[in-house]
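Numbering-wise (our numbering), the sequence shown opens with residue 161 and increments by one. Right, one structure below, let's go through it.
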Amino acid sequence: MWRKLSIKVQLMIWISAVTFMIAIGSLGIAFWLDMKQRETLAVSLSTTVNAALRHDLLKGIVSNDASVYSDLSFRLAGFQQIDRVLLLDDQNQPVFNYLHTHKTYQDLVDRSTETPQFHGEDLFVKHPLIEDGHQYGSAVYVIDMMSFSTQFQKHLIFLFIALPLELLLALLFTWWISRSYNQPFTRLVEAMKNNDVSLNRFSPVHTDAKNEIGALFNGYNEMIHKIEATTEQMRYLSEHDDLTGLYNRYYIELLIQKALQDETTQHHVLLNIDLDQFKLINDAAGHSAGDELLKMVAHSCQDILPDSVSMARIGGDDFYILLPNHSEKIGKAIAEMLLEHLSDFRFSWEGQAYSVSVSIGMVAFKPYEYTLEELVKAADSAFYSAKSSGRNKLHIFHSEDEESQYHKHEVQIASYIKEALAQSPVSKPPKKTAYFELFAQGITPLQHNNHDEVSYEILIRLRDMNGNLIAPDAFLPTAERYQMMADIDGFVLTQYLNMVQSLPTHLTKLHKAHINLAGSSLNNADFQARLKQLVSEHPHFPWRKLELEITETSAVGNFNQAMPFIQYCQALGIGLALDDFGTGMSSFEYLKSLPFDVIKIDGSFVKDMHSDPSDKAVIRYIQEISALRNQETVAEYVETQEDVDALTEIGITYGQGYFLGRPKPLTEWLT
Numbered sequence: 161m162w163r164k165l166s167i168k169v170q171l172m173i174w175i176s177a178v179t180f181m182i183a184i185g186s187l188g189i190a191f192w193l194d195m196k197q198r199e200t201l202a203v204s205l206s207t208t209v210n211a212a213l214r215h216d217l218l219k220g221i222v223s224n225d226a227s228v229y230s231d232l233s234f235r236l237a238g239f240q241q242i243d244r245v246l247l248l249d250d251q252n253q254p255v256f257n258y259l260h261t262h263k264t265y266q267d268l269v270d271r272s273t274e275t276p277q278f279h280g281e282d283l284f285v286k287h288p289l290i291e292d293g294h295q296y297g298s299a300v301y302v303i304d305m306m307s308f309s310t311q312f313q314k315h316l317i318f319l320f321i322a323l324p325l326e327l328l329l330a331l332l333f334t335w336w337i338s339r340s341y342n343q344p345f346t347r348l349v350e351a352m353k354n355n356d357v358s359l360n361r362f363s364p365v366h367t368d369a370k371n372e373i374g375a376l377f378n379g380y381n382e383m384i385h386k387i388e389a390t391t392e393q394m395r396y397l398s399e400h401d402d403l404t405g406l407y408n409r410y411y412i413e414l415l416i417q418k419a420l421q422d423e424t425t426q427h428h429v430l431l432n433i434d435l436d437q438f439k440l441i442n443d444a445a446g447h448s449a450g451d452e453l454l455k456m457v458a459h460s461c462q463d464i465l466p467d468s469v470s471m472a473r474i475g476g477d478d479f480y481i482l483l484p485n486h487s488e489k490i491g492k493a494i495a496e497m498l499l500e501h502l503s504d505f506r507f508s509w510e511g512q513a514y515s516v517s518v519s520i521g522m523v524a525f526k527p528y529e530y531t532l533e534e535l536v537k538a539a540d541s542a543f544y545s546a547k548s549s550g551r552n553k554l555h556i557f558h559s560e561d562e563e564s565q566y567h568k569h570e571v572q573i574a575s576y577i578k579e580a581l582a583q584s585p586v587s588k589p590p591k592k593t594a595y596f597e598l599f600a601q602g603i604t605p606l607q608h609n610n611h612d613e614v615s616y617e618i619l620i621r622l623r624d625m626n627g628n629l630i631a632p633d634a635f636l637p638t639a640e641r642y643q644m645m646a647d648i649d650g651f652v653l654t655q656y657l658n659m660v661q662s663l664p665t666h667l668t669k670l671h672k673a674h675i676n677l678a679g680s681s682l683n684n685a686d687f688q689a690r691l692k693q694l695v696s697e698h699p700h701f702p703w704r705k706l707e708l709e710i711t712e713t714s715a716v717g718n719f720n721q722a723m724p725f726i727q728y729c730q731a732l733g734i735g736l737a738l739d740d741f742g743t744g745m746s747s748f749e750y751l752k753s754l755p756f757d758v759i760k761i762d763g764s765f766v767k768d769m770h771s772d773p774s775d776k777a778v779i780r781y782i783q784e785i786s787a788l789r790n791q792e793t794v795a796e797y798v799e800t801q802e803d804v805d806a807l808t809e810i811g812i813t814y815g816q817g818y819f820l821g822r823p824k825p826l827t828e829w830l831t
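See below:
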């Protein structure tokens, strides 16, 4: 309850309470001093009366004369303060008793001594009566101390009147001082109430005080200044891309959503821009060069765009440009201007010059014509149509466009891939969600019949939200175009290791597990980091039993740059297999120069070797060269017993194909 009271009220209560306690204490001290004064007056009166009536009191004891007692009573009646006088002889027997009131105080009188005793409002004292060294008796006095008139008694009424006035003055003083000292806090509280954090609007407070109040106000002002600056910085970071300074995806989508809901406008245009061959420049010149190129392209575009246009980097080398209140015709003109402007752009890095161009997908839209998700998909579809048409192209999206419909389907496939990648590799995917499933196809030894060992190639399958299978030929090209192959390869490797890590019996029987890699994954920093992390997470996995497959066409463009990573894999015992060998233009040259452990012969040679002697000769030649280099060989597309016999005779190490075993879920291999 006390904590709920304001500082002003608390201060008033405290000062009032202290003032009241001081007043009560002062009044108590005054009462105590008054009583001490009355005690002194009573003792003095008893001494004075006893001295004045000493001879008469002695005469009363000695003579026992009634006239003497009458005279004593008369004289004692003149002292209103004396309630009783008891005259005692030398045997302590009463000889005279004077009573002013009806109270006798007999018990107290009997116990009276020469030392003054105080009981309630009365003094009890015994004075001895001595003459010529002989004590004839004593006189006991009972004196009413409250009958004396003192200074305190005279001023008592004034004190009782002054106390309420004193309290009233104290309250007024308390109100004034609490108001004066509480005012800075009140101003501070009001300023804090008026602050609006959502709008980053704060109210400073000012004072001329140089004391703690001044320090408090200055501290508050400094704090809100830092909050304003930090909030503004956080807002900027939340809305802008930290590399280029353009808007980011989050903020441009807010602007697009606003345009979609603005009924006061007629039409808008959204451009989806992607740099052509950015990945080649990024891989050849390095990430620093790629970052610098993105900044230069962003600034170059901003220099020629109207002020009303909003440009954002939405990821990688992709940009959005929102043209509010622009018709399709004007949007097309601006897009063509960008194509022409950037086609003349030259990027130089460390003495090497690169030509730069972009592909642009364009969507013209009206308010409420699309949802945000539909508009983004339309822009992506238009962009991929432009991309597939060649470099430096513009494609305008129209819903009835067959090409746009194709790319719209591809965008849907890409969304399935992203959804599947988001699933945990170790948990069962939720319902109505796209997901990946691992299959495996056996790799059968042809030169021996050791059935205790197992080899297989891991294959990935994609299922949509309804569980329908999407063929690899349908989603892998899309993954390549969307640059998601490194993520898929990392996903497959992670899921496989998680599935077999607790199966020591299977790992003992396992000879080789082949996992396909896209050529781009070899040079992908994220994939390399992921594999190294998996090595640390699975220290007991037999890495010599893992074989990474890369196609011949991919190896040609990526192997030299990936050599440090390849050497890292070889140091762990991880093998490398050259897949689809024989399809390239310089196959045998690469066979001699690249450090592969396994050569997988393309199925086209196996398929036609019985009808085309040259294909069989190629297979034999590959086997002979591989044998000289201590490389194992795997023949793909083995469909008949005749194929098995011919390949065995040639000396091929392993065979793979439907005749030897169809792909089946990996879980069936592990049970």
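Even glycine gets a Cβ: it sits at the ideal position worked out from N, Cα and C.
| Asked | Found |
| --- | --- |
| Alpha-carbon spacing of residue 174 relative to residue 321, whole angstroms | 23 Å |
| Residue 694 - DSSP class collapsed to helix/strand/coil | helix |
| Supposed close pair residue 682, residue 725 - CB separation, criterion 8 Å | 6 Å |
| Strand pairing of residue 825, partner residues [DSSP] | 599 |
| Pick from 182, 419, 595 that is closest to residue 527, judged by C-alpha positions | 419 |
| Where residue 746 falls: helix, strand or coil (DSSP) | Because residue 746 carries a pLDDT of 47, less than 50, the predicted location of this residue cannot be relied on, and the following value inherits that uncertainty. Three-state DSSP puts residue 746 in coil, outside helix and strand. |
| Exposure of residue 189, with buried meaning 16 or more beta-carbon neighbours within 10 Å | exposed |
| Residue of 723, 766, 730 minimising C-alpha distance to residue 740 | 766 |
| Proximity winner among 205, 336, 467, relative to residue 301 (alpha-carbon distances) | 205 |
| Contact belief for residue 702 with residue 667 at Cβ below 8 Å, rounded distance in angstroms | 6 Å |
| Residues near residue 400 by beta carbon distance below 8 Å, same chain, minus five either side | 406, 407, 408, 411 |
| Of the residues 507, 830, 489, the one placed nearest residue 618, counting alpha carbons only | 830 |
| Under 8 Å between C-beta atoms of residue 243 and residue 194 | no |
| Residue 118 versus residue 293: straight-line alpha-carbon distance, rounded | Look at the range of the chain in this structure, 161 to 831, and you will see that residue 118 is not part of it. |
| Nearest-angstrom Cα separation, counted from residue 685 out to residue 471 | 29 Å |
| Alpha helix (DSSP H) runs wholly inside the stretch 601-653, at least 4 long, in chain order | 632-641 |
| Residue 207 beta carbon near the ligand ADP (any heavy atom closer than 7 Å) | Looking at this structure, you won't find the ligand ADP or any other ligand, since it has none at all. |
| Nearest residue (CA-CA) to residue 379, options 364, 266, 549, 235 | 364 |
| Range covered by the alpha helix (DSSP H) that runs through residue 473 | Where residue 473 is concerned, there is no enclosing alpha helix (DSSP H), although the beta strand (DSSP E) it sits in stretches over 470-475. |
| Nearest-angstrom Cβ-Cβ length linking residue 297 and residue 267, presumed shorter than 8 Å | Going by Cβ atoms, the distance from residue 297 to residue 267 rounds to 20 Å, so no, they are not a contact pair. |
| CB-CB length for residue 599 against residue 825, believed under 8 Å | 6 Å |
| Three-state class that DSSP yields for residue 165 in the structure shown | coil |
| DSSP state of residue 511 mapped onto helix, strand, coil | coil |
| Backbone CA spacing between residue 792 and residue 613 [nearest angstrom] | 16 Å |
| Integer-rounded CB distance, given that residue 738 should sit under 8 Å from residue 710 | 7 Å |
| Buried/exposed call for residue 731, threshold 16 Cβ in 10 Å | exposed |
| Spatial neighbours of residue 281 in its chain, beta-carbon cut-off 8 Å, leaving aside the 5 residues before and after | 304, 305, 306 |
| Assigned exposure category for residue 556 - 16 Cβ within 10 Å defines buried | buried |
| Secondary structure of residue 833, DSSP reduced to three states | Since the first and last residues shown for the chain are 161 and 831, residue 833 lies out of range. |
| Through-space distance from residue 728 to residue 816, alpha-carbon basis | 28 Å |
| Backbone secondary structure at residue 214 - three-state DSSP | helix |
| Residues near residue 807 by beta carbon distance below 8 Å, same chain, minus five either side | 606, 766, 779, 795, 798, 815 |
| CB-CB length for residue 433 against residue 490, believed under 8 Å | The Cβ separation is near 17 Å, so there is no contact. |
| Residue range of the beta strand (DSSP E) that includes residue 257 | 254-259 |
| Simplified DSSP state of residue 757, which is helix, strand or coil | coil |
| CB-CB length for residue 516 against residue 435, believed under 8 Å | 7 Å |
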